[in-house]
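Here's the structure we're looking at; comments come further down.
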Amino acid sequence: MRTHTCNELRPEHNGQTATIIGWVNSRRDHGGVIFIDLRDREGLTQCVFRPEESAHAAEISHSLRHEDVVLVTGKVEPRPEIDGKSAVNDELPTGEIEIAATELVIVNKSEVMPFQLEKELSNEDLRLSHRFLDLRRPRMARNLRTRHLVTKAARDFLDREGYIEVETPILSKSTPEGARDFLVPSRMHPGAFYALPQAPQQYKQLLMVAGVERYFQVARCFRDEDLRADRQPEFTQVDIEASFTNPDEIMALVEGCLSAMFKAGRNVKIPTPFDRMTWREAMDRFGSDKPERRFEMELADLSALFAQSGFKVFSGAVKNGGVVKAINAKGFAGITTGQVDKLTEVAVTHGAKGLAYIQVRGEDPSTWRSPITKFFSDEELAGLKEAMNIEEGDLVLFAADQWEGACGILGRIRLEVASMQNLLVGQDGILDFLWVTEFPLLAYDEEEGRWAAVHHPFTRPVEEDRARLESGDYEGLRAQAYDVVLNGHELGGGSIRIHEADLQATMFKALGISEEDAAREFAHLLAAFQFGAPPHGGIALGLDRIVMLVAGEHSIREVIAFPKNNKGMDLMTSSPAEATPLQLRDLRIKSTAQEKKQG
RNA sequence: GGAGCGGUAGCUCAAUUGGUUAGAGCGCCGGCCUGUCACGCCGGAGGUUGCGGGUUCAAGUCCCGUCCGUUCCGCCA
Numbered sequence: 002m003r004t005h006t007c008n009e010l011r012p013e014h015n016g017q018t019a020t021i022i023g024w025v026n027s028r029r030d031h032g033g034v035i036f037i038d039l040r041d042r043e044g045l046t047q048c049v050f051r052p053e054e055s056a057h058a059a060e061i062s063h064s065l066r067h068e069d070v071v072l073v074t075g076k077v078e079p080r081p082e083i084d085g086k087s088a089v090n091d092e093l094p095t096g097e098i099e100i101a102a103t104e105l106v107i108v109n110k111s112e113v114m115p116f117q118l119e120k121e122l123s124n125e126d127l128r129l130s131h132r133f134l135d136l137r138r139p140r141m142a143r144n145l146r147t148r149h150l151v152t153k154a155a156r157d158f159l160d161r162e163g164y165i166e167v168e169t170p171i172l173s174k175s176t177p178e179g180a181r182d183f184l185v186p187s188r189m190h191p192g193a194f195y196a197l198p199q200a201p202q203q204y205k206q207l208l209m210v211a212g213v214e215r216y217f218q219v220a221r222c223f224r225d226e227d228l229r230a231d232r233q234p235e236f237t238q239v240d241i242e243a244s245f246t247n248p249d250e251i252m253a254l255v256e257g258c259l260s261a262m263f264k265a266g267r268n269v270k271i272p273t274p275f276d277r278m279t280w281r282e283a284m285d286r287f288g289s290d291k292p293e294r295r296f297e298m299e300l301a302d303l304s305a306l307f308a309q310s311g312f313k314v315f316s317g318a319v320k321n322g323g324v325v326k327a328i329n330a331k332g333f334a335g336i337t338t339g340q341v342d343k344l345t346e347v348a349v350t351h352g353a354k355g356l357a358y359i360q361v362r363g364e365d366p367s368t369w370r371s372p373i374t375k376f377f378s379d380e381e382l383a384g385l386k387e388a389m390n391i392e393e394g395d396l397v398l399f400a401a402d403q404w405e406g407a408c409g410i411l412g413r414i415r416l417e418v419a420s421m422q423n424l425l426v427g428q429d430g431i432l433d434f435l436w437v438t439e440f441p442l443l444a445y446d447e448e449e450g451r452w453a454a455v456h457h458p459f460t461r462p463v464e465e466d467r468a469r470l471e472s473g474d475y476e477g478l479r480a481q482a483y484d485v486v487l488n489g490h491e492l493g494g495g496s497i498r499i500h501e502a503d504l505q506a507t508m509f510k511a512l513g514i515s516e517e518d519a520a521r522e523f524a525h526l527l528a529a530f531q532f533g534a535p536p537h538g539g540i541a542l543g544l545d546r547i548v549m550l551v552a553g554e555h556s557i558r559e560v561i562a563f564p565k566n567n568k569g570m571d572l573m574t575s576s577p578a579e580a581t582p583l584q585l586r587d588l589r590i591k592s593t594a595q596e597k598k599q600g
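Structure, rendered in structure tokens:
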């Protein structure tokens, strides 16, 4: 067997006989002398085959092809100097030596590869259907290792903090709130189904009632919803819960945990504590509950300035209790018509009627190019110039609507403009962590005509808002909930929970869940709360997203070994797949074909 | 469910206004080469332009439908 890995031999090994095994990364056949770069997971080592050392090994080395698995034995030698030129390869850690092969065993031949490992591949289908080959690429191998290091760092950190990992069931119970569940039919209980957990939320709260006090789990979660670049139907959370705690403690814990994870995966020290900002401030200044703060372009409030404006779109919005907000895209007056159209489209997609803007061609407002400035008074123009710090070359963009809507639209526009202006190019090294606190407790769902939990139904209101919850005054209630944000990505969210049966019942009532439904769906939780449930709270961190950001990737698929494609399929194993009639019979489920037959 | 972008050789891509036999690089196959390291040089094979229909003297290119991929919206407590 091998005596060394492919990233182990150095000049100090010169003269020794070594055996290495791995994949043929490349072959450079000079007719007489042949070079092979042998690869294992640790690195590359050059093997040189010369007829004078072993005619046999040199002969069969000609037949080597990409990705053959071979075993090479030979003497470790320094790279020679040829015609005064050194053959040392500075790019390789093993570049000062080579193995002069005396024996070559072809362990296993490879078919011609469907793609070249050293080249980037845009065909996602091909990558996923041959994932076992895709993962051989150095970048993917590195990502797998990064994931391991980051996960291990989280486990080690939480262990040191007195948290114990407890596994909770995968075969679980469907819950009425939240995402669609994956259902698993029960053979022993025909017609009944398990659900795969969307999160171990209720189990971890029950573990608090059980007296575990400090729990964590690297937990697989499942949601049957449409996918995105940062969303998979199954994903992993670092799930944390503690008793007798408060938001400050949880936030400090998470700061320590994330520091350990980034240190382990990227060898960077992140400054703590993180900044904090209420949800209201985040929305007001950045138009997002996960602010990207690596560039400025903050939202300004112009409601007072335009309250009496002759431009009815603005004054009307204010009269209706709304706001006029604007951003100043410095130096972007040269925006193209196509880009304006694109921004307008973004605004309309998110519920705006249109997008008002001013291209600032000069100091004097008469030089400004805009479809709306003609409606403004001189005072309004002067006030606008002052409020927005308008200078030649700027582009000012407006939104007028109810506060949350206007902020949200402008927040999206802000990100789109930043993308157009390349404001984030070269900013990958900046890690801007932020806590967003005091999320709303409830939001009105127009479609369903009821109030819904913004976080989840177990989230505790801010204590001073509790009376309003109990009296049915749901507008603007704040939750003891917090999200941790990095560069505009939500890394995790948590809250202090409800631990009293009566408050939980009040919450279910607010969500329009009847007492009978609550008793049926959440009996275990309500019962548990009656036996000395400790005050508790926690958080869930999205491990896939964290690893993605640690690794500098742009999709979580790059840091998941075997991800699903956009349609939720595993192209390698071709799942989901139809079950056999026998399987379905055991489960007493009719196949689609049978149903059609029966009409 | 909706919108954008894409689908041309094994891979990455090109193909002018609709106009000759759809090209290039890499890979693959064969030959040459004793110091390369993405070796080099010579030669070769490889295509139902995702699929179906339409317009046209002529379609990779235009139109309609459909399938697939991807990004986003809805959705994701």
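In the numbering used here, each residue carries its 1-based index in the first sequence increased by 1.
For glycine and all other residues, C-beta sits at the position ideal for the given N, C-alpha and C.
So what's residue i in DSSP terms, helix, strand or just coil?
i: N26; result: strand
i: C258; result: helix
i: L478; result: coil
i: N144; result: helix
i: Y195; result: strand
i: E13; result: helix
i: G489; result: coil
i: S130; result: helix
i: E226; result: coil
i: F86; result: Sequence check: residue 86 is Lys here, not Phe. Correct three-state label for K86: strand.
i: G494; result: strand
i: T95; result: coil
i: I557; result: helix
i: G394; result: coil
i: A534; result: coil
i: R156; result: helix
i: R181; result: coil
Relative to the C-alpha of residue i, which residue among the options is closest?
i: F245; options: E53, P274, A154 and M209; result: M209
i: F315; options: P577, L396 and W404; result: W404
i: F399; options: T338, R148 and G288; result: G288
i: R132; options: E559, K568 and A529; result: E559
i: R29; options: R66, L10 and A58; result: R66
i: D503; options: E491, R461, V49 and E43; result: R461
i: D290; options: E250, F532, S575 and L487; result: L487
i: L492; options: L432, G384, G538 and G477; result: L432
i: T95; options: E78, K86 and I83; result: E78
i: A468; options: M508, A348 and L585; result: M508
i: T152; options: S371, E392, Q238 and N268; result: Q238
i: P292; options: I391, D342, R42 and T279; result: T279
i: H240; options: L544, V34 and P139; result: The question names His, yet the displayed sequence has Asp at residue 240. Of L544, V34 and P139, the residue nearest in Cα terms is L544.
i: F36; options: C408, C48 and A482; result: C48
Which residues mark the beginning and the end of the alpha helix (DSSP H) in which residue i is found?
i: P582; result: P582 to L588
i: W404; result: W404 to M421
i: S173; result: Premise fails: S173 is in no alpha helix (DSSP H) and is neither H nor E.
i: L572; result: L572 -> no alpha helix (DSSP H), and no H or E assigned at all.
i: T507; result: A502 to A511
i: Q203; result: Q202 to V210
i: L184; result: First-last for L184: L184 to P186, but that is the beta strand (DSSP E), not the alpha helix (DSSP H).
i: A357; result: Counting along the chain, A357 falls outside any alpha helix (DSSP H), though it belongs to the beta strand (DSSP E) covering A357 to Q360.
i: L136; result: Neither: L136 is in no alpha helix (DSSP H) and is coded neither H nor E.
Name the two residues that bound the continuous beta strand (DSSP E) containing residue i.
i: Q238; result: E235 to S244
i: H537; result: H537 to G543
i: Q428; result: Unbroken run through Q428: none, as it is neither H nor E.
i: A453; result: R451 to A454
i: T374; result: Taken as a continuous stretch (DSSP letters only), T374 belongs to no beta strand (DSSP E), as it is neither H nor E.
i: Y445; result: L443 to D446
i: L435; result: F434 to T438
Given 8 Å, three or more beta-carbon pairs between the region 215 to 230 and the region 156 to 173: Taking 8 Å as the limit for Cβ pairs, the verdict is that the region 156 to 173 does touch the region 215 to 230.
The region 514 to 529 in contact with the region 187 to 201 per 3-pair CB rule at 8 Å: Output reads no: the region 187 to 201 does not touch the region 514 to 529.
Completely contained alpha helix (DSSP H) runs for the region 270 to 353, where each covers 4 or more residues: Inside the region 270 to 353, DSSP marks whole alpha helix (DSSP H) runs of 4 or more residues at positions 280 to 287, 304 to 307, 313 to 320 and 338 to 350, from first to last along the chain.
Ranges of the beta strand (DSSP E) found wholly within the region 24 to 82, counting only runs of at least 3: Listed in chain order, they are 35 to 41, 44 to 50 and 70 to 79.
Do three or more CB pairs link the region 332 to 348 to the region 378 to 391 at distances below 8 Å? In short, these stretches do not touch, since the Cβ pair count stays below three.
contact_flag[the region 7 to 22, the region 84 to 91] where n(CB pairs < 8 Å) is 3 or more: Counting C-beta pairs with one atom in each stretch, the region 7 to 22 and the region 84 to 91 have fewer than three that are closer than 8 Å, which means they do not touch.
Is there contact between the region 257 to 270 and the region 176 to 188, where contact requires at least three CB pairs shorter than 8 Å? No, the region 257 to 270 is not in contact with the region 176 to 188.
Determine contact between the region 363 to 373 and the region 246 to 254, defined as no fewer than three beta-carbon pairs at a distance below 8 Å. The answer is no - the region 246 to 254 does not touch the region 363 to 373, with fewer than three Cβ pairs under 8 Å.
Three or more beta-carbon pairs under 8 Å between the region 416 to 435 and the region 454 to 468, yes or no? Flag = no, the region 416 to 435 and the region 454 to 468 do not touch.
Spell out a yes or no on whether the region 435 to 447 and the region 301 to 319 are touching, meaning 3 or more CB-CB pairs, one atom from each, closer than 8 Å. Counting Cβ pairs under 8 Å, fewer than three are found: no touch.
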